[in-house]
Amino acid sequence: GLVCKLEHGMNRWLNWIQGIQQEIKAFLFFSILFTLFRIVFLIIFQSQLTTTTIDSILMSLWLGFRLSLKTVGSIVLVSLLFATLPSIVWPKWKAQGVRKVWYGFVTIFFTLLFMGRIPFYTIFNSSYNAMLINGKHDDIHAIINTAINEYHGIPYLIGGIALSIVFSWLLVKVLNINTYEWAPSTKRNKWITGILSFVGFGVLFVFFRFGGAFGYTNSINWESAARLNSNLLNETILDDAQALYRVKSIAKRTSELEDIHLTPAELHEKIQAIGGNPNSTRFDEAFTKTITTERLQQQPQSINIILGESYGLWPFLAEFNEPGAYLVEQGRKYAASPQAMGTQMALAQGTGTMSAIIGLLTGMPDTGMYPNYSVGMLQEPYGLGIGPVMKKLGYKTVFWYGGFSTWQNVKNFALEQGFDEFHDASEMPSNEINAWGVADGDMFKAINAYMDKHRGEKIINVIMTTSNHPPYSVNVAKEGYDADKVRKNLPDSIANTDKQINEMGHIWYADHVMGEFISKEEQSDPTSLFVITGDHSERFTFAHEEGPKVASTIPIIFYGQGIKKEWLLQDAFGMSIQIIPTLAELVGRTGQTYEAMVPSLFNQGPFVFNHRLWMDKTGIYVEDEKMPQAYANSMKTMRELTAWRLKHGDSIQ
Numbered sequence: 091g092l093v094c095k096l097e098h099g100m101n102r103w104l105n106w107i108q109g110i111q112q113e114i115k116a117f118l119f120f121s122i123l124f125t126l127f128r129i130v131f132l133i134i135f136q137s138q139l140t141t142t143t144i145d146s147i148l149m150s151l152w153l154g155f156r157l158s159l160k161t162v163g164s165i166v167l168v169s170l171l172f173a174t175l176p177s178i179v180w181p182k183w184k185a186q187g188v189r190k191v192w193y194g195f196v197t198i199f200f201t202l203l204f205m206g207r208i209p210f211y212t213i214f215n216s217s218y219n220a221m222l223i224n225g226k227h228d229d230i231h232a233i234i235n236t237a238i239n240e241y242h243g244i245p246y247l248i249g250g251i252a253l254s255i256v257f258s259w260l261l262v263k264v265l266n267i268n269t270y271e272w273a274p275s276t277k278r279n280k281w282i283t284g285i286l287s288f289v290g291f292g293v294l295f296v297f298f299r300f301g302g303a304f305g306y307t308n309s310i311n312w313e314s315a316a317r318l319n320s321n322l323l324n325e326t327i328l329d330d331a332q333a334l335y336r337v338k339s340i341a342k343r344t345s346e347l348e349d350i351h352l353t354p355a356e357l358h359e360k361i362q363a364i365g366g367n368p369n370s371t372r373f374d375e376a377f378t379k380t381i382t383t384e385r386l387q388q389q390p391q392s393i394n395i396i397l398g399e400s401y402g403l404w405p406f407l408a409e410f411n412e413p414g415a416y417l418v419e420q421g422r423k424y425a426a427s428p429q430a431m432g433t434q435m436a437l438a439q440g441t442g443t444m445s446a447i448i449g450l451l452t453g454m455p456d457t458g459m460y461p462n463y464s465v466g467m468l469q470e471p472y473g474l475g476i477g478p479v480m481k482k483l484g485y486k487t488v489f490w491y492g493g494f495s496t497w498q499n500v501k502n503f504a505l506e507q508g509f510d511e512f513h514d515a516s517e518m519p520s521n522e523i524n525a526w527g528v529a530d531g532d533m534f535k536a537i538n539a540y541m542d543k544h545r546g547e548k549i550i551n552v553i554m555t556t557s558n559h560p561p562y563s564v565n566v567a568k569e570g571y572d573a574d575k576v577r578k579n580l581p582d583s584i585a586n587t588d589k590q591i592n593e594m595g596h597i598w599y600a601d602h603v604m605g606e607f608i609s610k611e612e613q614s615d616p617t618s619l620f621v622i623t624g625d626h627s628e629r630f631t632f633a634h635e636e637g638p639k640v641a642s643t644i645p646i647i648f649y650g651q652g653i654k655k656e657w658l659l660q661d662a663f664g665m666s667i668q669i670i671p672t673l674a675e676l677v678g679r680t681g682q683t684y685e686a687m688v689p690s691l692f693n694q695g696p697f698v699f700n701h702r703l704w705m706d707k708t709g710i711y712v713e714d715e716k717m718p719q720a721y722a723n724s725m726k727t728m729r730e731l732t733a734w735r736l737k738h739g740d741s742i743q
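For the sequence shown, the working numbering assigns the number 91 to the initial residue and increments by one for each residue that follows.
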């Protein structure tokens, strides 16, 4: 019996020492695998690294390795708890079997995630981000269709499965490498081994927890990972687990905002802090503005806000004159007209279409919340939104969407937010239909026909286009697109590939048919007013990495009879929701009122912001601790107030 006990005790120590060796092998395997993923990722998108030094690339890999200590440490900890430790208690525990199953699953999971990251980055210039949260509400059929047809979803899936098999085979080979058999034989050695194991794991836990440091001061996490002057390198630092943790953290913060509770006194204080009336008992009413200047002698009979899908500012910039002068010929023409005014640049509400629509329909900054899924929960529309503001000024409100009304619950949301009518692709005759809707040209024809039947009515059309969006299926050559004009003078920052040329053809097409629509409407109603803008810009993939001035800005152009260019500063900047108060100031009559949380472009504030960027007269910057405190306080207050209004309604009492 004594011999059996000794053998049993010896087996426990053998299992423990062997288990530690297996976990070390797994740690090295996954650390190398994640580093390999990073290197392959950089090779795939290497065209964005032309101005990047080798030191920055190596720093990205080093910071990534440090950050992945958290991920790999967590993976190994699971095996330690469910494979190695049970084998000490029950020496016959099939630890190696459990280990192989767990590590095999992890290998397959992260390989498939990595393969998915490549098209995701191609679309969003980001590894997994908050778009995953909103994406679950999208048209799943359309997403799958686009993923397969436009972003090679099937080859990536097959490639991911094949690589998973290869890496799993390698993993098993590594785990099957013989371990060194040793166990402490004396009581003293057992105590020393036990204490060293306990202390060693405690130290490693802290070291891994802080990403290769022993405290927050020198730690690295997903929020502090953006340390380099390259978006690609900063996204490379994040492994896919950390990128998904970023999504989870953003979702948690959004839900915390949704649960925001402010007393009436706190609300009044915050309202006053951003220029509202602290004595108002209703939220929207606290931001009432009175029109004191009649800018347009004749009030426009019709107003058309054209919210262009992916209609970014970059083709309007001088550095992209070629091919921009051709791609957005119509937009540039109207921007240059003596009866037009606009911003030099403006920040979009977010990186997605729904964010832009939510901004226009609520009139409030982005908080990451999606009120389009809270339809019916509040008794009244958001008075700061484009619908209520323009109805108050005497206009019938009509929303046009080239896609389908069920997408993101957009129809119900628009009708609840003060729109009298909603029209979508199902009502528009078209030979050019894809998973996302009809071609822009057919939608504009439907709007022209509608307006011809309603001349004499005061109407504002909010028009959301769809064609400049994957799967880029419009036959643009048939529509008149001259690809050679684009190919001839492409800058180095844009890849000269058939795919990219076709994508730019859809920019040209969207701009071209928009110009035809404006021209026809102007002939039918010379008083027509047009607002030309975009929902976001960041979907266009440049061969070289571009900063936010190029990648994240949109145009805001007001065009129509009686508008004067000098009404806005030459270097005017803004954000998309400022369209609402600016429009009210343009078309309203003296003494009329409207409600707006942000100033109009006629009264440009010191800074603007969106979901991740801020801009003032010195430039565009990522939101971080270097942001001026006054700006940060104002932005935080506006987001808190927005969250409260979205959640609790208009009444402050």
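Note that CB positions come from ideal geometry on N, CA and C, so glycine has one too. No experiment lies behind these values; they were computed from the predicted model shown.
Reference residue i; option with closest CA among the options
| i | options | result |
| --- | --- | --- |
| Y424 | A436, V168, F406, G695 | F406 |
| G492 | E730, F692, A515 | A515 |
| W497 | T353, M533, T443 | T443 |
| K737 | S642, T617, F210, M454 | M454 |
| P561 | I213, I165, R207, Q136 | I213 |
| K666 | L451, L159, N308 | According to the sequence shown, residue 666 is Ser rather than Lys. If we check each option's Cα against that of S666, L451 comes out closest. |
| G709 | K184, P696, G421 | P696 |
| T380 | M705, E685, L731, G458 | E685 |
| Y571 | A600, A585, P354, P581 | A600 |
| T441 | R372, N321, N219, I144 | N219 |
| T732 | I591, Y711, N700 | N700 |
| Y472 | I255, P413, R735 | R735 |
| E419 | V576, K160, E325 | V576 |
| L157 | L328, N565, P209 | L328 |
| F257 | V712, N592, Y193, K655 | Y193 |
| G739 | L474, V564, M149 | L474 |
| L357 | Q434, Q391, F373 | F373 |
| M459 | K342, Q660, T142 | K342 |
Through-space distance from residue j to residue i, alpha-carbon basis
| i | j | result |
| --- | --- | --- |
| M594 | T174 | 56 Å |
| H626 | L265 | 48 Å |
| N367 | H559 | 42 Å |
| G484 | Y540 | 19 Å |
| P181 | L132 | 45 Å |
| V296 | R207 | 29 Å |
| Q81 | R278 | The first residue shown for the chain is 91 and the last is 743, placing residue 81 beyond what the model contains. |
| I282 | I110 | 16 Å |
| A573 | I350 | 52 Å |
| R702 | P638 | 11 Å |
| L126 | A438 | 35 Å |
| F288 | N319 | 41 Å |
| L123 | W259 | 13 Å |
| L153 | T631 | 25 Å |
| S345 | Q332 | 20 Å |
| T436 | G292 | Here the sequence assigns Ala to residue 436, which means Thr is not the residue at that position. Roughly 50 Å separates the two Cα atoms. |
| G414 | V188 | 58 Å |
| S642 | E611 | 30 Å |
Beta-carbon proximity check, residue i vs residue j, cutoff 8 Å
| i | j | result |
| --- | --- | --- |
| I646 | G432 | yes |
| E547 | K481 | no |
| D553 | W490 | With the sequence shown as reference, residue 553 is identified as Ile, and Asp is not the correct amino acid for it. Contact flag set, yes. |
| V621 | F663 | no |
| Q603 | G527 | Going by the sequence as given, residue 603 is Val instead of Gln. It is not a contact, given that the beta carbons lie outside the stated cut-off. |
| T382 | T683 | no |
| P689 | Q651 | no |
Cβ neighbours of residue i in the same chain (closer than 6 Å, five flanking residues each side left out)
| i | result |
| --- | --- |
| T108 | A small correction: the amino acid at residue 108 is Gln; Thr does not occupy that position in the sequence shown. Excluding positions up to five away in sequence, the list reads T269. |
| A72 | No answer is possible for residue 72: the residues shown for the chain start at 91 and end at 743. |
| Q389 | V677 |
| A116 | V166, Y193 |
| T672 | S690, L691 |
Cβ neighbours of residue i in the same chain (closer than 8 Å, five flanking residues each side left out)
| i | result |
| --- | --- |
| L676 | R385, L386, L619, F648, I653 |
| M205 | Y246, L247, G249, G250, L253 |
| S137 | A585, A633, H634 |
Residue i: CB within 7 Å of a non-hydrogen atom of the ligand COA
| i | result |
| --- | --- |
| F199 | As for the ligand COA, it is missing from this structure, which has no ligand bound. |
Own chain residues within Cβ distance below 7 Å of residue i, not counting five before or after
| i | result |
| --- | --- |
| T326 | R128, F131, L132, S150, G154 |
| C94 | The predicted model places C94 with a pLDDT of 45, which falls under 50 and marks its position as unreliable; any figure quoted below should be read in that light. For C94, where only same-chain residues beyond five positions count, there are no Cβ hits under 7 Å. |
Exercise for review: Entirely within the segment 132-211 and at least 4 residues each: give me those alpha helix (DSSP H) ranges in chain order.
Suggested key: Listed in chain order, the complete alpha helix (DSSP H) runs (minimum 4 residues) inside the segment 132-211 are 144-169, 175-179.
Review point. Considering only residues of the segment 533-581, which uninterrupted beta strand (DSSP E) runs meet the minimum length of 3 residues and lie entirely inside it, listed in chain order?
Key: Listed in chain order, they are 549-554.
Check your understanding: For the segment 333-413, which segments carrying the alpha helix (DSSP H) assignment without a break, of at least 4 residues, lie completely within its bounds, in sequence order?
Key -> If we require 4 residues or more, the alpha helix (DSSP H) runs fully inside the segment 333-413 come out as 354-363.
Review point. What are the start and end residues of each continuous alpha helix (DSSP H) run of 4 or more residues lying completely inside the segment 472-517, in chain order?
Key: Taking 4 residues as the shortest admissible run, the segment 472-517 contains the following complete alpha helix (DSSP H) segments, listed from N- to C-terminal end: 476-482, 500-506.
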